[in-house]
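Everything on this sheet refers to the single structure shown next.
In our numbering, the protein residues as written are 1271 to 1546.
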């Protein structure tokens, strides 16, 4: 249950991690991430309550075994990134997480065949243990694709300021020729980094514009973009820095802002939540 709670608090990173493998669509990754969390909560509740110890034991052991196979595959393929077993709370590598799972499986062995607690309406409690965690997870953190339209209405691009910046050479005039993906990022912004990772994953599947990417950062003391680009995998064709006042005016102080631009026409604008 601690693992499920850690994943829930880091749900944005966890769902992006699921999507990064390329096995599921973005919407399916949102849902699958929440199903995994709900399943962990359910297994934990069943083991703690002990009113159906047999199914609970097999469910817990099966889940650990499935996760262990997944971790073993990561190790065999050379993947050493954080496996998100404990979300962002602990940067746990696949090898360490596999050892953890095997230890938990060993600790569960003596619990096989344990007598159940006496409890009335066991089937009702079993149903609640399965339904309540899933409902709670979906209520606490609804998948972003359920609210794309709502997020789109709150896009923070100040289009007037954006056009003024292009006309006054605050932004390069070349943006007005051809198609571009203009990304307004902060080097320290968590969601800016995740939006860049999402763009990379979407483009790898042909699900996002293949127009040249222009990354625009607010000018500050740090202008070294290498850590940002290495962490996200983003490869922009152009990188520009503009004054903080101009950056904040264009983005209304909320970023990331991603603009699909065709000549002088703004085709679409995205923040992290409605980026798809």
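All residues carry an ideal CB built from backbone N, CA and C; glycine is no exception.
Contact between residue 1526 and residue 1454 is confirmed by a C-beta separation of about 6 Å, below the 8 Å threshold. Residue 1537 is positioned such that its CB atom lies no closer than 7 Å to that of residue 1545. About 4 Å separates the Cβ atoms of residue 1461 and residue 1542, confirming a contact at the 8 Å cut-off. Residue 1311 places its beta carbon less than 7 Å from that of residue 1274. Annotated three-state conformation of residue 1406 is helix, per DSSP.
Judged by DSSP in its simplified three-state form, residue 1534 adopts coil rather than helix or strand. Counting only residues of its own chain and dropping the five nearest sequence neighbours on each side, residue 1359 has a CB closer than 8 Å to the CB of 1276, 1279, 1280. Three or more Cβ pairs drawn from the segment 1396-1408 and the segment 1302-1316 lie within less than 8 Å of each other, which places the two stretches in contact.
Under the three-state reduction of DSSP output, residue 1488 falls in the strand class. Scanning its chain for C-beta atoms nearer than 6 Å, with the 5 sequence neighbours on each side dropped, one finds no residue around residue 1346.
According to the DSSP secondary-structure assignment, residue 1453 is paired through a beta bridge with 1485, 1528. When rounded, the separation of the alpha-carbon atoms in residue 1519 and residue 1428 is 7 Å. Between the segment 1286-1295 and the segment 1462-1476, the count of C-beta pairs closer than 8 Å reaches three or more; the two stretches touch.
Pairing residue 1336 with residue 1313 gives a Cβ-Cβ distance that is not under 7 Å. Here residue 1534 is not near residue 1426, since their CB atoms are 7 Å or more apart. Note on geometry: alpha-carbon atoms of residue 1440 and residue 1362 lie some 43 Å from one another.
By the beta-carbon neighbour count (other beta carbons within 10 angstroms, threshold 16), residue 1413 is buried.
Taking a contact as a CB-CB distance under 8 Å, the pair residue 1483 and residue 1507 counts as one, their CB atoms being some 6 Å apart. In the structure shown, residue 1539 falls within a strand segment according to DSSP collapsed to helix, strand and coil. Distance from residue 1400 to residue 1516 at the Cβ level is roughly 53 Å; contact not present, criterion being Cβ atoms closer than 8 Å. In this structure, residue 1367 places its C-beta atom within 7 Å of the C-beta atom of residue 1353.
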